[in-house]
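Take the sequence shown: its letters are residues 9 to 810, numbered as in this note's numbering. Using N, Cα and C, we set each Cβ at its ideal position, and we do this for glycine too. These numbers come from a predicted model, not from an experiment. In what follows, a single structure is set out as structure tokens and then discussed.
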Amino acid sequence: MALNGNHSGRSRNRRLGGRGMQRILILAGIFGVLTFVVLFGKLWQLQVVQHENLEKKAIAQQTREVASTANRGTIYDANGAILAISGSVQNVILSPRDVLAGVEVEEKDEFGNPRSPSVIEAEKKQKVQDTYDLIADGMSEILGIDREDVIARLNKTNSAWQVLAKKVEDDVADQVRAFIEEHELEGCLYLTDDSKRYYPYSTTASQVVGFVNGQNEGAYGLESLYNSELSGEDGRTIIAKNASGTEMPSAYSSFTDAVDGYDVHTTIDATIQMFAEKTVEEGIEKFDVTNGAFCIVMDPDTAAVLAMVSYPDYDLNDPNAVVDATESAKLAKLKNDPTVTEEEYQDAVAQSQFKQWSNKCLNTSYEPGSTFKPIVVAAGLEEGVIDESSTFYCSGKVHVGDWDIRCSARSGHGSQTLRKAVMNSCNPALIDIGQRLGAEKFYEYWENFGFTSTTGIELPGEEKSVFWDKEEFVSPAGITSLATGSFGQRFTTTPIQLITALSACINGGHLMEPYVVQSVTDNEGNVVSYHEPSEIRQVISQETSDLVRSFMESVVNDPGGTGKNAKVAGYQIGGKTGSSQTLDSSDHIIVSFVGFAPADDPEVIVLLAYDWPQPAAPGANTTAGGVYISGGNMAAPMCGELIANILDYLGYEKSGSASTTASGVTIPRLTGMSLTDAQAALSKLGLTCRTSGEGATVTDQAPSAGSSVPAGSSIVLYLGTEKTEETVPMPDLTGMTYDQAREAMESVGLYLEATGAGQEGTVFSQSVDPGAPLEVGTAVEVKFTDIAAEDEGLSPSDLWNR
9 MALNGNHSGR SRNRRLGGRG MQRILILAGI FGVLTFVVLF GKLWQLQVVQ HENLEKKAIA
69 QQTREVASTA NRGTIYDANG AILAISGSVQ NVILSPRDVL AGVEVEEKDE FGNPRSPSVI
129 EAEKKQKVQD TYDLIADGMS EILGIDREDV IARLNKTNSA WQVLAKKVED DVADQVRAFI
189 EEHELEGCLY LTDDSKRYYP YSTTASQVVG FVNGQNEGAY GLESLYNSEL SGEDGRTIIA
249 KNASGTEMPS AYSSFTDAVD GYDVHTTIDA TIQMFAEKTV EEGIEKFDVT NGAFCIVMDP
309 DTAAVLAMVS YPDYDLNDPN AVVDATESAK LAKLKNDPTV TEEEYQDAVA QSQFKQWSNK
369 CLNTSYEPGS TFKPIVVAAG LEEGVIDESS TFYCSGKVHV GDWDIRCSAR SGHGSQTLRK
429 AVMNSCNPAL IDIGQRLGAE KFYEYWENFG FTSTTGIELP GEEKSVFWDK EEFVSPAGIT
489 SLATGSFGQR FTTTPIQLIT ALSACINGGH LMEPYVVQSV TDNEGNVVSY HEPSEIRQVI
549 SQETSDLVRS FMESVVNDPG GTGKNAKVAG YQIGGKTGSS QTLDSSDHII VSFVGFAPAD
609 DPEVIVLLAY DWPQPAAPGA NTTAGGVYIS GGNMAAPMCG ELIANILDYL GYEKSGSAST
669 TASGVTIPRL TGMSLTDAQA ALSKLGLTCR TSGEGATVTD QAPSAGSSVP AGSSIVLYLG
729 TEKTEETVPM PDLTGMTYDQ AREAMESVGL YLEATGAGQE GTVFSQSVDP GAPLEVGTAV
789 EVKFTDIAAE DEGLSPSDLW NR
């Protein structure tokens with residue numbers, strides 16, 4: 009029995025041992041599977057989920073990537089002058105991680121014994137602080153930045169890229185390099201290539217060119233619209249480094265070259281642009297203009313824009329600075345006002361900045377007034393509802409619907425031909441033409457001249473014209489809208505839209521698409537794109553265009569024309585005046601003039617406007633200087649001078665001969681003649697002479713041949729002696745009448761060369777500044793205008809009353 013019991017116990021133990029082993033194996037298997045699952049999960053997390061992030065960290069630890077900025081393309085004017093260009097500069101980069109990694113402390117003393125961990129830690133902490141102080145002191149001094157800001161960046165110890173300064177010039181970059189070398193901070197501080205935008209002409213064509221933001225991307229103007237072409241493609245360099253941050257040139261490196269941007273060639277002529285800007289600024293000062301101005305100069309045949317001015321302007325090299333004196337004064341007042349919060353002040357700054365960045369020529373619409381009238385006349389002629397022999401009667405007002413609409417001539421123009429009606433800028437005559445056309449045809453020409461869409465000029469932010477709803481306009485209720493629209497009021501359009509339509513009136517009837525970019529070229533000079541003149545449609549015939557152009561020439565050159573102050577001796581100028589009221593204030597008037605030359609074959613057309621010349625007092629119709637507020641008295645003379653300057657620059661010769669002209673008498677060449685013959689020649693021209701020296705032959709004369717002087721002037725003839733080199737100061741002729749100016753000039757031995765209104769007007773400008781030294785006998789061009797004339801100017805009272 010005992011044996012059997014022992015045997016039974018051993019069997020049971022074997023069975024138990026077998027089951028235990030099975031359990032162990034099962035548990036081991038389960039544990040193994042669980043372990044594998046955990047490891048697999050961790051590997052999945054590392055290799056798949058976090059792969060990209062860990063890869064970036066590894067690359068960041070083993071390599072340094074340095075960007076190389078592509079040079080932004082250059083913007084040129086029509087003659088190759090640089091309007092915007094990029095120059096090489098440097099960015100100063102700090103790597104806090106490498107600064108910390110570069111601080112090393114000996115772990116053993118000089119005898120080879122281990123140093124205390126606390127001592128090592130304290131020494132390392134002090135070395136780190138010393139390095140931080142060194143870098144903070146050096147960079148704050150060289151870069152002119154706040155020391156505490158550098159310390160704050162140094163404390164970002166996980167970062168390898170902290171920008172301390174952007175776009176530093178070469179002299180500063182050299183100081184940074186010297187600092188790095190002197191203190192062995194390679195890898196901790198370094199420089200990267202970048203580019204900086206420079207605008208050599210500063211404020212010239214600022215709203216056209218635009219500027220770049222801090223990321224070197226176009227923010228406004230052509231810089232914005234052509235940003236992708238100008239930007240190019242940045243390059244990069246990836247260089248391996250060791251654990252201490254030192255670059256290893258022999259290790260793996262990757263280089264991607266930067267591709268420079270394309271160049272943009274504009275139609276803007278920098279010289280004409282500066283002429284136009286000077287005209288705008290002088291007019292603003294002369295007429296006490298408070299709401300800015302605009303001016304566009306265009307080739308009417310191609311619609312290429314030669315100049316585009318919007319005032320206030322700004323310095324492209326510092327676009328955030330408000331440069332306009334009026335805006336600056338307003339901001340200064342707000343800043344010193346304790347009731348104005350900082351947020352309110354910053355909002356005002358932003359508004360002033362936006363105002364100077366905006367381009368009035370296409371971002372703002374306005375009521376064009378009488379400068380719109382040639383378009384209505386062209387439509388009437390084209391439809392045959394009027395012709396050159398048509399006549400109109402003006403009593404000073406006309407009743408339309410429930411309204412009496414007045415003419416600027418309150419007593420009326422009486423009976424007048426179509427040409428005279430255009431010269432008089434007569435509102436009732438234009439209302440008559442509009443009614444003969446009818447609302448349907450009027451709206452059709454509104455569409456045909458392009459006013460229902462934008463022009464498509466390649467500049468950002470172009471506004472559309474705002475007209476009446478077509479169904480409302482053509483309905484019986486729209487009769488008043490048709491009347492006011494016929495003389496350019498109660499609708500708005502942009503300057504670029506208006507000058508484009510007016511160009512079609514004088515170029516043979518061709519509505520062209522305006523443009524400011526002629527071509528785009530790559531960095532090897534290959535043409536990428538080229539702008540050919542593009543005709544949208546022909547809106548009127550050549551015959552109609554010729555007649556409208558002839559009427560506009562009469563506006564300037566025929567007696568009684570509202571544009572007579574635009575006349576410049578020796579030039580054929582045509583044009584149309586405009587004075588438009590606005591709805592925001594009875595005193596708020598925009599005075600304008602559109603002019604072109606040569607009148608028989610226009611090469612240039614100019615639209616110039618001054619927004620809100622200030623009256624001498626509320627309700628007055630003249631400025632404090634006595635100038636009647638109108639386009640004919642303000643914009644016309646300024647535009648005439650501008651056109652003359654442009655034609656001179658383009659090489660056009662003045663017309664005229666040695667005879668009596670509107671500006672006086674042109675003096676012939678007398679040198680070499682006998683005294684008797686010279687006296688006879690002068691006598692025929694109504695001139696007298698006095699002699700200097702003795703002899704029978706004229707050896708010199710004053711003024712010189714070709715000068716124009718008033719009839720009755722006395723010419724100096726030199727006989728056997730040289731002309732005196734004596735100089736006298738130019739008198740200030742401001743505000744003088746013709747006779748007063750002539751007397752002031754002759755009293756010091758100078759001669760008056762009168763242009764403009766001549767004896768009918770007062771001095772508007774003089775070609776030589778007061779006080780400038782001139783040789784005795786010099787003839788000086790002085791422009792006279794009839795600035796007190798109530799041409800097409802508007803009374804501050806309403807043009808229309810019930």
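Residue range of the beta strand (DSSP E) that includes residue i
i, result
"Arg-545", "543-546"
"Ile-304", "301-306"
"Val-556", "Taken as a continuous stretch (DSSP letters only), Val-556 belongs to no beta strand (DSSP E), being part of the alpha helix (DSSP H) at 550-565."
"Lys-204", "197-206"
"Val-317", "313-319"
"Ala-710", "706-710"
"Ala-92", "90-102"
"Asp-812", "With the chain covering only 9 through 810, there is no way to say anything about residue 812."
Residue from the options with nearest C-alpha to residue i
i, options, result
"Ile-441", "Thr-399, Glu-455, Leu-370, Glu-285", "Thr-399"
"Glu-543", "Leu-445, Glu-131, Gly-648, Pro-308", "Pro-308"
"Gly-728", "Glu-285, Ala-749, Thr-705", "Thr-705"
"Asn-653", "Glu-285, Tyr-270, Gly-146, Arg-161", "Glu-285"
"Thr-492", "Phe-219, Gln-589, Gln-98, Val-97", "Gln-589"
"Ile-413", "Thr-425, Leu-438, Asn-641, Val-111", "Leu-438"
"Ala-278", "Gln-709, Val-313, Lys-343, Asn-299", "Val-313"
"Gln-364", "Ile-487, Thr-334, Leu-506, Gly-195", "Thr-334"
"Asp-554", "Pro-541, Ala-512, Gly-779, Ile-723", "Ala-512"
"Gln-215", "Glu-391, Ala-358, Lys-368, Asn-299", "Lys-368"
"Ala-6", "Leu-490, Asn-166, Ser-366, Leu-324", "Limits of the chain in this structure are 9 at one end and 810 at the other, which puts residue 6 out of reach."
"Ser-716", "Cys-303, Asp-685, Glu-789, Tyr-746", "Glu-789"
"Cys-823", "Ser-126, Lys-478, Pro-382, Ala-447", "This structure cannot settle anything about residue 823, because the visible part of the chain is limited to 9 through 810."
"Val-776", "Val-756, Leu-741, Ser-755", "Leu-741"
Chain-order list of residues whose beta-carbon lies under 8 Å from that of residue i (same chain, five-residue window excluded)
i, result
"Val-525", "Leu-230, Tyr-234, Val-272, His-273, Thr-274, Thr-275, Glu-466, His-539"
"Pro-781", "Thr-735, Val-736, Pro-737, Met-738"
"Asp-179", "none"
"Val-673", "Ser-667, Leu-693, Gly-694, Leu-695, Ser-716, Val-717, Pro-718, Ala-719, Ser-721"
Bridge partner(s) assigned by DSSP for residue i
i, result
"Cys-697", "Ile-723"
"Lys-405", "Arg-414"
"Ala-605", "Val-612"
"Gly-582", "Phe-604"
"Ser-423", "Tyr-401"
"Thr-674", "Ser-716"
"Ile-654", "BP columns for Ile-654 are empty, so no partner."
"Val-122", "The sequence given here places Pro at residue 122; Val does not occur at that position. Answer by DSSP bridge pairing, in chain order: Lys-116."
Extent of the continuous alpha helix (DSSP H) run through residue i
i, result
"Arg-444", "435-445"
"Arg-185", "178-190"
"Lys-368", "368-371"
"Ile-150", "125-151"
"Thr-334", "333-343"
"Val-385", "381-391"
"Asp-685", "683-692"
"Val-217", "214-217"
"Trp-365", "350-365"
"Phe-283", "278-294"
"Pro-621", "Per DSSP, Pro-621 belongs to no alpha helix (DSSP H) and is neither H nor E."
"Leu-230", "229-233"
Same chain only: Cβ atoms within 6 Å of residue i, ignoring 5 sequence neighbours per side
i, result
"Lys-791", "Thr-763, Gly-764, Phe-772, Ser-773"
"Glu-470", "Leu-370, Thr-462"
"Asp-794", "Ala-765, Glu-768, Gly-769"
"Lys-174", "Asn-99"
"Gly-639", "Thr-585, Gly-586, Ser-587, Val-599, Ser-600, Phe-601"
"Pro-503", "Phe-302, Ile-304, Cys-369, Leu-615"
Same chain, Cβ closer than 7 Å to residue i, five either side skipped, listed in chain order
i, result
"His-191", "Leu-142"
"Val-171", "Asn-99, Ile-101"
"Ile-159", "Tyr-140, Ala-144"
"Thr-732", "Val-784"
Minimum length 4: unbroken alpha helix (DSSP H) runs contained in the stretch 732-787: 746-754
Contiguous alpha helix (DSSP H) assignments of at least 4 residues, all confined to the stretch 466-546: 478-482, 487-494, 503-514
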